[in-house]
Structures are given as C-alpha cells and as structure tokens.
DNA sequence: GATGATAGATGCAGTATACAGATAGTATCG
DNA sequence: CGATACTATCTGTATACTGCATCTATCATC
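Protein chains in written order, with my numbering: chain R, 1 to 125; chain C, 1001 to 1125.
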C-alpha cells in the first residue's frame, strides 16, 4: 500500500481488464499494431502498462476472438501485427462499458450516503 | 470465449480492484462484517464474487491499512470481524474513483470517435 | 559497426483467483 | 439427541495473471 504516487496513480492496480478493454476501445477507432497501442496508452493518463503484458494481452484477446491480426510488412522497419476489432470484441466492449457504469454507480451511491458517520475517530481535512 | 452470460455479465472480469474498492465504498457508509458485505455484493448487480476471495481481500485490505477490524461477539452465532474504513482507505477510495473516471472517459471517447470508420478498413496517418 | 528507435516475444518469480472444502456457533425440527 | 440449515470465517490447491528483465530482429543514422 501507499507504494508511491508517481503520477497521481494510486497504489492499487486494476490492470487486467482495464488494459484489455482500453485496447478494444482504441481498436474501435482505428486498427493499430501493438507498439502504437502501447504508445497511446502511455500518453493516455491511465496507469502505466508493461509492454510485455500488452503484447501478451493482445495475443490473449486474439485467442478469445475479440480481435484479429495479420502481419503487416508494408512499412519499413520490423514487421508488425495489425490488429482489428471483431464483432465479438465490439459487443464485449459495449457490455463492459455497461457493466462499468453499474460499478461506478455502485461506488458513487455508497460514497454519497457517507454523511451519516463523520464522527467516531478523527476529523479529516 | 463468451464463457456465459449469467446476469448479463460479460466474460471479462476485473474482480481484483472492483472487489476491493466496492468493499471500501460500502464501508464508507457503515461498518460491516464480511458476511454482510458478501451478501450485499451478491445483490448489487455487480458480477459475483467468490466468498473465499472476499475474506482474503478483507485481510489484505487490513494489512494494507485501508480498513481495520475487531472481533464482535455481541450477537449470537459465530464471532464476526467488524470492519471499518480507515482514513487511508478513504483517501484511496477517492483516488480510485478519480482514476476510474479517467478510464471511463478514455473508453467513451474512443467509442464516440468510432463513427469515422464505419466503412473503411484502415486509416493510416 | 555502434547506437537507438521500432516491434514483438519469453522466462521467471511473485501474486491473485476460482473452486472446493474445512471449521464452528446457533437454531429448528422430529 | 441427530440431522439439517444458516451464519461466519478461513484455507489448500491448481491455474492464471503480471511485472521485470531480457531477447530477437529490422531499419536509420552516425
């Protein structure tokens, strides 16, 4: 806990689904290869993701039918896998967003109902 | 994939942080013991959480200083650990909610920008 | 031919999780 | 009493996930 507060990211990590769903979301906009996704994630303001994990997640998402890939050798430099979102992935993303909204509503309703117990131990700011 | 769609929950799970932050949020409202939290989570509309995982998560959160507990033997039945949120946990929860909003904004902006490529295969820059 | 950016992958150690079951107190029913 | 059920917490195990370091490889520039 309280590991460090690098960029204002809390000590908790939620990587798993946050990473995969962010990937799906980005691929809804444009097809892309892993390195691009990795770069964009790094600039997104989201917590940092390990690049090894990103590539592994991509392969996993492909195995799960959420995305599909083909090797792109059109550009110079090392070959790249171009990924695109499948219909399954698109559906899954929508479901996820819905689920996420439920979650957020749950959190916020609890936080809103907090005024009952301000006493007890110590006073916050 | 597409494991199953029990209650409309997608095959993906973000359990880790979703569970711990939901616990923190509930404890912001009132103190509770594990079984209560477990019950309330089950009725929350959120994806189902394993009870073993719930208890282990509680111990973990306590170790991390997010919550604190004491044994409550006042009621009949087996003894229960009453948990309450610490200031650290409260702070962490707020930070988490903020972080979550960033994440959601990221997802939604990507989804919103999707209308550009309905017909096209690819749009390299 | 060394360096650095691009692009992707893997081995390993530590952590997390689902599933199953253990332990225990109390209550009810026959 | 014995069986059953509900409350309440915890643990063992097998698998999965993740961060870190490292590795391969292509190409451009110095």
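Every residue gets a Cβ at the ideal spot worked out from N, C-alpha and C, and that includes glycine.
Local conformation of residue i per DSSP, three classes
i: residue 1009(C); result: Model confidence at residue 1009(C) stands at a pLDDT of 44, short of 50, so the residue's coordinates are unreliable and nothing is read from them.
i: residue 32(R); result: strand
i: residue 50(R); result: coil
i: residue 118(R); result: Because the pLDDT at residue 118(R) is just 49, under 50, the model does not fix this residue reliably, and the point stays unresolved.
i: residue 125(R); result: Any reading at residue 125(R) needs caution, since the residue's pLDDT is 40, under 50, leaving its predicted position unreliable; the model's value is listed next. Here residue 125(R) sits in coil by DSSP.
Cβ separation of residue i and residue j, assumed to be a contact under 8 Å, to the nearest whole Å
i: residue 1024(C); j: residue 1070(C); result: Going by Cβ atoms, the distance from residue 1024(C) to residue 1070(C) rounds to 18 Å, so no, they are not a contact pair.
i: residue 1044(C); j: residue 1054(C); result: Actually they do not touch by this definition, with Cβ atoms about 12 Å apart.
i: residue 1086(C); j: residue 1067(C); result: 6 Å
i: residue 1021(C); j: residue 107(R); result: 6 Å
i: residue 18(R); j: residue 1103(C); result: 6 Å
- At least 3 beta-carbon pairs within less than 8 Å: the stretch 54-74 of chain R vs the stretch 1071-1087 of chain C: The stretch 54-74 of chain R vs the stretch 1071-1087 of chain C: no contact.
- Name the residues in the stretch 1025-1038 of chain C whose C-beta lies less than 7 Å from a C-beta of chain R; which are they? Those would be 1025, 1026, 1028, 1029 and 1030, in chain order.
- Tell me the start and end of each unbroken alpha helix (DSSP H) in the stretch 33-105 of chain R that is at least 4 residues and wholly inside, in chain order. Runs found: 34-42 and 51-63.
inquiry  = Counting beta carbon pairs with one atom in the stretch 25-45 of chain R and one in the stretch 1023-1040 of chain C, are three or more of them shorter than 8 Å?
reply    = The stretch 1023-1040 of chain C is not in contact with the stretch 25-45 of chain R.
Checklist entry - Taking any Cβ of chain R, which residues in the stretch 1094-1106 of chain C have a Cβ under 7 Å from it, in chain order? => result Shown in chain order are the members of the stretch 1094-1106 of chain C whose Cβ falls below 7 Å from a Cβ of chain R: 1095, 1096, 1097, 1099, 1100, 1102, 1103, 1104 and 1106.
TODO: Would you list, in chain order, the members of the stretch 36-61 of chain R that have their beta-carbon closer than 8 Å to a beta-carbon of chain C?
DONE: Those residues of the stretch 36-61 of chain R that come within reach of chain C (Cβ to Cβ, closer than 8 Å) are 44, 45, 46 and 47.
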